[in-house]
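Colleague:
Residue numbers (the numbering used here): 1 to 407.
1) List the whole-angstrom C-beta distance separating residue 302 from residue 337, where the pair is believed to meet the contact cut-off of C-beta under 8 Å.
2) Enumerate, from N- to C-terminal direction, the unbroken beta strand (DSSP E) stretches of 3 or more residues contained entirely within the stretch 299 to 369.
3) Return the Cβ separation of residue 145 and residue 387 in integer angstroms, given the expectation that the two are a contact with Cβ distance under 8 Å.
4) What is the DSSP secondary structure of residue 158, reduced to helix, strand or coil?
5) Under three-state DSSP, which class holds residue 164?
6) Could you give the first and the last residue of the continuous alpha helix (DSSP H) run that contains residue 403?
7) Please determine if the stretch 209 to 223 and the stretch 363 to 379 are in contact, where contact requires at least 3 C-beta pairs separated by less than 8 Å.
8) Please say whether residue 360 and residue 343 have beta carbons closer to each other than 8 Å?
9) Applying the 10 Å Cβ sphere with the 16-neighbour rule, what's the burial state of residue 341?
10) Once DSSP output is grouped into helix, strand and coil, what is the label at residue 235?
11) Please classify residue 112: is it buried, with 16 or more other beta-carbons within 10 angstroms of its beta-carbon, or exposed?
12) Could you check whether residue 211 and residue 199 sit closer than 8 Å to each other, using their CB atoms as the reference points?
13) Among 324, 288 and 172, which residue has its Cα nearest to the Cα of residue 305?
14) Roughly how many angstroms separate the alpha carbons of residue 271 and residue 110, rounded to a whole number?
15) Compute the minimum distance between the beta carbon of residue 159 and the heavy atoms of the ligand ZN, and state whether it is under 7 Å.
16) Would DSSP call residue 286 helix, strand or coil?
17) Let me confirm a value: residue 27 is counted as buried when at least 16 other C-beta atoms fall within 10 Å, else exposed. Which label applies?
18) Answer yes if the stretch 74 to 84 comes into contact with the stretch 93 to 107, meaning at least three C-beta pairs across the two stretches below 8 Å, and no otherwise.
19) What's the gap between the Cα of residue 403 and the Cα of residue 116?
20) Grab me the residues of residue 108's own chain with a C-beta within less than 6 Å of its C-beta, minus the 5 sequence neighbours each way, in chain order.
21) For residue 195, I'd like the list of residues in its chain whose CB is within less than 6 Å of its CB, leaving aside the five on either flank, ordered along the chain.
22) How many angstroms separate the CA atom of residue 185 from the CA atom of residue 367?
23) Considering only their Cβ atoms, is the gap separating residue 98 from residue 24 smaller than 8 Å?
24) Could you work out which residue in 221, 19 and 70 is closest to residue 87 when comparing CA atoms only?
25) Got a sec? Which residues, its chain only, sit under 7 Å from residue 316 by beta carbon, not counting five neighbours each side?
26) In whole angstroms, give me the CA-to-CA distance for residue 189 and residue 307.
27) Return the bridge partner residues of residue 267 from the DSSP annotation.
28) Per DSSP, residue 200 forms a beta bridge with which residues?
29) The alpha helix (DSSP H) spanning residue 32 covers which residue range?
30) Identify the residues that DSSP records as bridge partners of residue 272: which are they?
31) Taking 8 Å as the CB-CB cut-off, is residue 101 touching chain B?
32) Looking only at C-alpha atoms, which of 83, 172 and 298 sits nearest to residue 151?
33) Taking C-alpha atoms, which residue in 329, 334 and 353 lies nearest to residue 295?
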């Protein structure tokens, strides 16, 4: 029983803490004040005795120890000790307050950081909500994906599938991607969306005949640039394309897909062996070449702003810049107002080796700021990732059938 009672008592504070606690009390301050007043009165009453005693008089100490002086000096020492202890106690309180203020400041900063993180997360969530497509999109995506999956597996599972079968299946998948991009932006039938594939062909592994073909197809290059100075060539294949221009939906499926995109022409873009000069100014073209080198999708919201982009980001010659601007303003690409280029990497390659893309998926529209001005691009590619997986498998099968080397 006694043990229980003993354990129930709160632990006693150290003696020093109790002394400092008493020194900080108002009674200690009152005691010091009274003691100082007493010392003053005592000194005025027994001034001569105090003056004639130790420490003012050091000779004949036995006769200099006056009782009145002893009371004075004892009171003085007591007052000084109490004042010192009280001052130390107050200093400790001040130090603790400073430390507490520092801790509070750190806590406030940490809280502000957390609030900032939460605010950023909230902003991203609100942005994601604003860029989410309408409710019909998910139903459309399911319908498109089911058709793409069925078409891809029919082509891949059939060992007798030839080159044309694979190309037709790729066209259906590209058609589905173009449709989903349109529906993602609201499903306006009056706006054109299109998707196409550019194959990455390493120059060093091309036959002389293929090199000659690509040499004639290369766009946007200086007169002194030849194929041998290219690391890789991105070849656009019109037969690997699709557009929504004539595509319409019924309640269960879409019909009238225009495959391939008849507005596309065969051309190629070069990837220089050195994509940067010593000043780190890029000589790459926007779009697919940039996506190939950076290995991440590249988005362009308005082709009317390409002149400013080229001036700010590249060291291309003015003649090359003029060719690019002409292509998008009055040339073959004048109907393209915004586009995104996404690198396709062999899923069987080792990510640690940082393999280059073997193809580029381009999606473009004749409207400015497709995919919510680029803010929803990541969300869109996440939504169509199952179709991209099928696209990769079909392209790898086509590479085997056509015997072209992946970049």
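A virtual CB, placed ideally from N, CA and C, is assigned to each residue, including glycine.
Modeller: The answer reads as follows:
1) One-based indexing of the chain shown puts residue 302 at position 302. One-based indexing of the chain shown puts residue 337 at position 337. Yes, residue 302 and residue 337 are in contact; Cβ-Cβ is about 7 Å, under 8 Å.
2) 338 to 344 and 359 to 365
3) Here residue 145 refers to the residue found at position 145 of the chain shown. Here residue 387 refers to the residue found at position 387 of the chain shown. That belief holds up - the Cβ atoms of residue 145 and residue 387 are roughly 6 Å apart, short of 8 Å.
4) Mapped onto the chain shown, residue 158 falls at position 158. Three-state DSSP puts residue 158 in coil, outside helix and strand.
5) As a working note, residue 164 is residue 164 in the chain shown. Note: residue 164 maps to helix in three-state DSSP.
6) In the chain shown, counting from the first residue as 1, residue 403 sits at position 403. Looking at the DSSP string, residue 403 is not in any alpha helix (DSSP H), and its letter there is neither H nor E.
7) no
8) Here residue 343 refers to the residue found at position 343 when the chain shown is read from its first residue. Here residue 360 refers to the residue found at position 360 when the chain shown is read from its first residue. Against a cut-off of 8 Å, the Cβ pair of residue 360 and residue 343 comes out as a contact.
9) Translated into the one-based positions of the chain shown, residue 341 becomes position 341. Counting Cβ neighbours within 10 Å, residue 341 comes out buried, since at least 16 surround it.
10) As a first step, residue 235 must be located in the chain shown, where it is residue number 235. In this structure, residue 235 counts as strand in the three-state DSSP scheme.
11) Translated into positions along the chain shown, residue 112 becomes position 112. It counts as exposed.
12) If you number the chain shown from 1, residue 199 lands on position 199. If you number the chain shown from 1, residue 211 lands on position 211. For residue 199 and residue 211, no; Cβs fall outside 8 Å.
13) On the chain shown, residue 305 is found 305 positions in, with the first residue counted as 1. Checked all of 324, 288 and 172; the closest Cα to residue 305 is 324.
14) Position 271 of the chain shown, counting from 1, holds the residue named residue 271. Position 110 of the chain shown, counting from 1, holds the residue named residue 110. Going by the C-alpha atoms only, they are around 47 Å apart.
15) In the structure on display, the ligand ZN does not appear, and there are no ligands present to speak of.
16) Along the chain shown, one-based indexing puts residue 286 at 286. It is coil, neither helix nor strand.
17) Here residue 27 refers to the residue found at position 27 of the chain shown. By the neighbour-count rule (16 or more Cβ atoms within 10 Å), residue 27 is not buried but exposed.
18) no
19) Looking up residue 403 in the chain shown gives position 403. Looking up residue 116 in the chain shown gives position 116. Taking the straight line from one Cα to the other gives about 54 Å.
20) Taking the chain shown and counting its residues from 1, the one referred to as residue 108 is at position 108. Cβ neighbours of residue 108 beyond the five flanking positions: none.
21) Taking the first residue of the chain shown as position 1, residue 195 is located at position 195. For residue 195, where only same-chain residues beyond five positions count, the Cβ hits under 6 Å are 174, 177, 178, 242 and 363.
22) As a working note, residue 185 is residue 185 in the chain shown. As a working note, residue 367 is residue 367 in the chain shown. Going from the Cα of residue 185 to the Cα of residue 367 covers about 10 Å.
23) Within the chain shown, residue 24 is the residue found at index 24, counting from 1. Within the chain shown, residue 98 is the residue found at index 98, counting from 1. The answer is no: Cβ separation not under 8 Å.
24) Reading the chain shown from its first residue, position 87 is the one you call residue 87. Measuring from the Cα of residue 87, the nearest candidate turns out to be 19.
25) Sequence index remark: in the chain shown, residue 316 carries index 316 (1-based). Hits under 7 Å: 283 and 310.
26) Position 189 of the chain shown, counted from the start, is the residue given in the question as residue 189. Position 307 of the chain shown, counted from the start, is the residue given in the question as residue 307. If you take the alpha carbons of residue 189 and residue 307, they lie about 30 Å apart.
27) On the chain shown, residue 267 is found 267 positions in, with the first residue counted as 1. BP columns for residue 267 point to 236.
28) Here the question's residue 200 lines up with position 200 in the chain shown. Note: residue 200 sits in a beta bridge opposite 234.
29) Position 32 of the chain shown, counted from the start, is the residue given in the question as residue 32. First-last of the alpha helix (DSSP H) with residue 32: 26 to 45.
30) Start at 1 with the first residue of the chain shown, and residue 272 comes out as number 272. Beta-bridge pairing links residue 272 to 230.
31) Looking for chain B here will not work: only one protein chain is present.
32) Residue numbering aside, residue 151 sits at position 151 when the chain shown is read from its first letter. Of the candidates 83, 172 and 298, the one whose C-alpha sits nearest the C-alpha of residue 151 is 172.
33) In the chain shown, counting from the first residue as 1, residue 295 sits at position 295. That would be 353, whose Cα lies nearest to the Cα of residue 295.
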